[in-house]
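**Q** Following this note's numbering, the numbering of the sequence shown begins with 252 at its first residue and continues without gaps. Shown below is the structure under consideration.
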Amino acid sequence: MTVQRFQPDPRPLPAGLHFIATPIGAARDITLRALDILATADVLAAEDTRTLRHLMEIHGVALGERQVLAYHDHNGEAMRPRLIKALKEGKSVAYASEAGTPLVADPGFQLARAAIAEGLTVLSAPGPSALLCALTVSGLPSDRFLFAGFAPPTKAARQKFLQELAGVQATLVLYESPKRINQMLADLVQCLGGERYAAVCRELTKRFEEVSRGTLAELAEQFAAREVKGEIVVLVDRAAERVADGLEVGAALEKAMQNMSMKDAAAAVAEAFGLPRREVYQMALGMQG
């Protein structure tokens, strides 16, 4: 079988800001469209310039006379005007994060927002994403999920952060450093309970890819004595739906109506217990009568 080398699409690349998803591990996960954009964009920008240059070298995409401009958290404010200027001049600007899809735990959203504010075209070349890759292999419900990014590094702030997520009716997805994964799992047990099903995904698409599944308590125990390396995604099953007790709802409704109108109190209690507003409002009417 003859393998054809990549040949860029000969059609000119439209002017605008092009966000490119890049591999999170396996270099062959790049899309042909992403390679087309890298080959033909007027301006290249990247969160990590060395990573993007290396990726282009692997796939035989010539850099030519172009530079790869660094755009990251530490220089974004200074670099954005330069990239916006290029866009206003009718140039095509390609941006790639260090790995994965731009704007997911990445500084690219500020660039996108600035371009949109100027009425400029913003496009996406979709592809690899650690978030979606982890969700796919986790075995957890994917009909509804919440990406919460990185938890705070300090214990008190992290626990407060996790407590705010405890009641969310969706699969939780978080990124974490290998240096803090054991602390984070311990805090998840404390804040969400040890019985929830979860998955810890490490080094996705790479040689030492590993997916550990079990309850939070089991995973916390497993990782407590381990030293791990690599990028980590933690996924936690949604909270069990609360079964509303009539007396509890009635007590909450009575308390709420001391400071709120009947309509507002019914709405607040209905949301807190996951009940239909009409049902709670009828209960409130009965209490008044």
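Note that beta-carbon positions come from the ideal geometry of N, C-alpha and C, so glycine has one too. Owing to the predicted nature of the structure, the values given are computational and were not obtained by experimental measurement.
Hey, would you say L283 sits closer than 9 Å to V344, going by beta carbons?
**A** Numbered from 1 along the sequence shown, position 32 holds the residue referred to as residue 283. Numbered from 1 along the sequence shown, position 93 holds the residue referred to as residue 344. Taking 9 Å as the cut-off, the beta carbon of L283 is found no closer than this to the beta carbon of V344.
**Q** DSSP has R464 in a bridge; who is on the other side?
**A** Along the sequence shown, read from residue 1 onward, the residue named residue 464 stands at position 213. Paired residues: A450.
**Q** Determine the closest residue to T456 out of P377, R262, T387, with distance taken between C-alpha atoms.
**A** Position 205 of the sequence shown, counting from 1, holds the residue named residue 456. Among P377, R262, T387, the Cα nearest to that of T456 is on T387.
**Q** Tell me whether F459 sits in a helix, a strand or coil according to DSSP, three-state version.
**A** Walking along the sequence shown from the start, residue 459 turns up at place 208. In this structure, F459 counts as coil in the three-state DSSP scheme.
**Q** Measuring CB atoms only, is the segment 465-472 touching the segment 444-451, in the sense that at least three cross pairs come out at less than 8 Å?
**A** yes
**Q** Could you tell me if the beta carbon of S380 falls within a distance shorter than 8 Å of some heavy atom in the ligand PLP?
**A** You won't find the ligand PLP in this model; it holds no ligand whatsoever.
**Q** Ignore the nearest five residues each way along the sequence and tell me which others in M252's own chain have a CB closer than 6 Å to its CB.
**A** Within the sequence shown, residue 252 is the residue found at index 1, counting from 1. With a pLDDT of only 41 at M252, under the threshold of 50, the placement of this residue in the model should not be trusted, and no figure is reported.
**Q** Scan the segment 372-447 and note each continuous beta strand (DSSP E) run of 3 residues or more that stays entirely inside, going in chain order.
**A** 373-376, 396-401, 422-427
**Q** How about F524 and V500: do their beta carbons lie closer than 9 Å?
**A** Residue 524 sits at position 273 when you count from the first residue of the sequence shown. Residue 500 sits at position 249 when you count from the first residue of the sequence shown. Yes, they are a contact pair.
**Q** Return the bridge partner residues of F270 from the DSSP annotation.
**A** Reading the sequence shown from its first residue, position 19 is the one you call residue 270. Residue pairing by DSSP places F270 opposite Y346, S375 in a beta bridge.
**Q** I need the DSSP call for I483, collapsed to helix, strand or coil.
**A** Translated into the one-based positions of the sequence shown, residue 483 becomes position 232. It is a strand residue.
**Q** Decide yes or no for the touch test of the segment 289-307 against the segment 377-397: beta carbon pairs closer than 8 Å, at least 3 of them.
**A** no
**Q** For K342, tell me which candidate among R529, I288, L498 has the shortest Cα-Cα distance.
**A** Indexing the sequence shown from 1 puts residue 342 at position 91. Nearest option by C-alpha distance: I288.
**Q** Going straight from the alpha carbon of K411 to that of R431, what length do you get?
**A** Here residue 411 is taken as the residue at index 160 of the sequence shown, counted from 1. Here residue 431 is taken as the residue at index 180 of the sequence shown, counted from 1. Straight-line spacing of the CA atoms in K411 and R431 works out to 16 Å.
**Q** Quick one: using the 10 Å Cβ neighbour count with 16 as the cut-off for buried, is T372 buried or exposed?
**A** As a position in the sequence shown, residue 372 is number 121, starting the count at 1. Counting Cβ neighbours within 10 Å, T372 comes out exposed, since fewer than 16 surround it.
**Q** Does the segment 406-426 come close enough to the segment 304-323 to have 3 or more Cβ pairs within less than 8 Å?
**A** No, the segment 406-426 does not touch the segment 304-323.
**Q** Grab me the residues of Q420's own chain with a C-beta within less than 6 Å of its C-beta, minus the 5 sequence neighbours each way, in chain order.
**A** The residue labelled residue 420 in the question sits at position 169 within the sequence shown. If we look at Q420 and ignore the five residues flanking it on each side, its Cβ neighbours are R489.
**Q** Taking one C-beta from the segment 363-370 and one from the segment 389-396 each time, how about it: are there three or more such pairs within less than 8 Å?
**A** no
**Q** Does the beta-carbon of V254 have 16 or more other beta-carbons within 10 angstroms, so that it is buried, or is it exposed?
**A** Indexing the sequence shown from 1 puts residue 254 at position 3. With a pLDDT of 45 at V254, under the threshold of 50, the predicted position of this residue should be treated as unreliable, and no value is reported.
**Q** How many Å lie between I271 and R333 at the Cα?
**A** Here residue 271 refers to the residue found at position 20 of the sequence shown. Here residue 333 refers to the residue found at position 82 of the sequence shown. Each residue's alpha carbon lies about 19 Å from the other.
**Q** Strictly by DSSP, which residues pair up with G351?
**A** Residue numbering aside, residue 351 sits at position 100 when the sequence shown is read from its first letter. Answer by DSSP bridge pairing, in chain order: T273.
**Q** Rounded to a whole number of angstroms, what is the C-alpha to C-alpha distance between R464 and R458?
**A** Within the sequence shown, residue 464 is the residue found at index 213, counting from 1. Within the sequence shown, residue 458 is the residue found at index 207, counting from 1. Cα to Cα, the separation comes out at about 19 Å.
**Q** Using the Cα positions of G370 and A266, report the straight-line distance between them to the nearest angstrom.
**A** Start at 1 with the first residue of the sequence shown, and residue 370 comes out as number 119. Start at 1 with the first residue of the sequence shown, and residue 266 comes out as number 15. Rounded to whole angstroms, G370 and A266 show a C-alpha spacing of 13 Å.
**Q** When you compare only the Cα positions, how much space is there between Q434 and R477?
**A** The residue you call residue 434 lines up with position 183 of the sequence shown. The residue you call residue 477 lines up with position 226 of the sequence shown. So the alpha carbons of these two residues sit roughly 12 Å apart.
**Q** Could you check what DSSP says for L536 in three-state terms: helix, strand or coil?
**A** Residue 536 sits at position 285 when you count from the first residue of the sequence shown. In this structure, L536 counts as helix in the three-state DSSP scheme.
**Q** For N326 and E349, what's the separation of their Cα atoms in angstroms?
**A** In the sequence shown, the residue the question calls residue 326 occupies position 75. In the sequence shown, the residue the question calls residue 349 occupies position 98. Near 15 Å, if we compare the C-alpha coordinates of E349 and N326.
**Q** Identify whether L338 lies in helix, strand or coil by the three-state DSSP scheme.
**A** Counted from its first residue, the sequence shown places residue 338 at position 87. Looking at L338 - three-state DSSP - the assignment turns out to be helix.
**Q** Measure how close the beta-carbons of A402 and L425 come, nearest whole angstrom, since I'm counting them as under 8 Å.
**A** By one-based count along the sequence shown, residue 402 stands at place 151. By one-based count along the sequence shown, residue 425 stands at place 174. With 8 Å as the limit, A402 and L425 qualify as a contact, their Cβ atoms being about 6 Å apart.
**Q** Can you say whether P527 is buried or exposed, counting buried as having 16 or more other CB atoms within 10 angstroms of its CB?
**A** Here residue 527 corresponds to residue number 276 of the sequence shown, with the count starting at 1. Exposed: under 16 other Cβ atoms inside 10 Å.
**Q** What is the residue span of the beta strand (DSSP E) that A518 lies within?
**A** What you label residue 518 is simply residue 267 of the sequence shown in a count that begins at 1. Run containing A518: none in the beta strand (DSSP E); it sits in the alpha helix (DSSP H), 513-524.
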